[in-house]
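Data first, discussion second: the structure below is written as structure tokens.
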Amino acid sequence: MSGDPFAALGLPARPDLTDDEVRAAWRRVAAATHPDRDDGGDPAGFAAAAAAYTDVRTVAGRREALADRPVRPVRRRRGLGRRGRGWGRIRRGRPLVLALRLAVAAAASLAAVLAVGTQPASYAVIAAAVTWLIRTARRELAPPGRPGAGGNRGRPGDGGRRPAGTARSR
-14 MSGDPFAALG
-4 LPARPDLTDD
6 EVRAAWRRVA
16 AATHPDRDDG
26 GDPAGFAAAA
36 AAYTDVRTVA
46 GRREALADRP
56 VRPVRRRRGL
66 GRRGRGWGRI
76 RRGRPLVLAL
86 RLAVAAAASL
96 AAVLAVGTQP
106 ASYAVIAAAV
116 TWLIRTARRE
126 LAPPGRPGAG
136 GNRGRPGDGG
146 RRPAGTARSR
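Mapping of the sequence shown onto this note's numbering: position 27 corresponds to residue 12, and the numbering continues sequentially without gaps.
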């Protein structure tokens, strides 16, 4: 179906819709647009609703329909480029642990090259070290701040949350 199946059934596009909600919306639209009605109904609307119901009647179908919805482009605010956010996340996170992880990955790569030379096995160890670094280094970064929220003001890793009842330190 080319249109939005949720709009054809008069449903909000939410991932938590139940089968009963979808079925009730289908019956409501079908009763209002069925061609066998005394006034002739709306055959085109009925066909669109029937196709939409076929698409979203199951949980998997709803997931696919939600995934196929167009994504609105993200508007960037002025002064929040990628460069400033990345370094800020490192600085607010745990930079010493991140540096230690980087040193371990570099040492493993260097040891592999020194042990066997430039063989395919050493390239495999280097690739494994880089993959390990990428997969595990994310937890050493501070969570991304919301634009205009003033940055992360809590401890590293707590998402900027403060316990209830505590004042902001200046």
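A virtual CB, placed ideally from N, CA and C, is assigned to each residue, including glycine.
Which first and last residues belong to the alpha helix (DSSP H) in which leucine -4 is found?
-> First-last for leucine -4: undefined, no H or E at that position.
Segment limits, alpha helix (DSSP H) that includes proline 20 | Per DSSP, proline 20 belongs to no alpha helix (DSSP H) and is neither H nor E.
Through-space distance from valine 89 to arginine 74, alpha-carbon basis = Linking arginine 74 to valine 89 through their CA atoms gives a straight-line distance of about 21 Å.
Tell me whether aspartate 53 sits in a helix, a strand or coil according to DSSP, three-state version.
-> Residue state for aspartate 53 is assigned as helix, using DSSP reduced to three classes.
Contacting residues, own chain, Cβ-Cβ under 7 Å from glycine 26 (five flanking each side not counted) = Cβ neighbours of glycine 26 beyond the five flanking positions: Thr18, His19 and Pro20.
Would valine 110 pass as a contact of alanine 91 if the rule is Cβ separation under 8 Å?
-> Contact: no.
Leucine 83 in three-state terms, based on DSSP = Secondary structure at leucine 83: helix, using DSSP grouped into helix, strand and coil.
For the alpha helix (DSSP H) holding aspartate 40, just list the boundary residues, first then last.
-> Judged by DSSP secondary structure, aspartate 40 falls within the alpha helix (DSSP H) whose first and last residues are 28 to 41.
Coarse secondary structure for glycine 102, derived from DSSP in three states = DSSP places glycine 102 in the coil class of the three-state scheme, outside both helix and strand.
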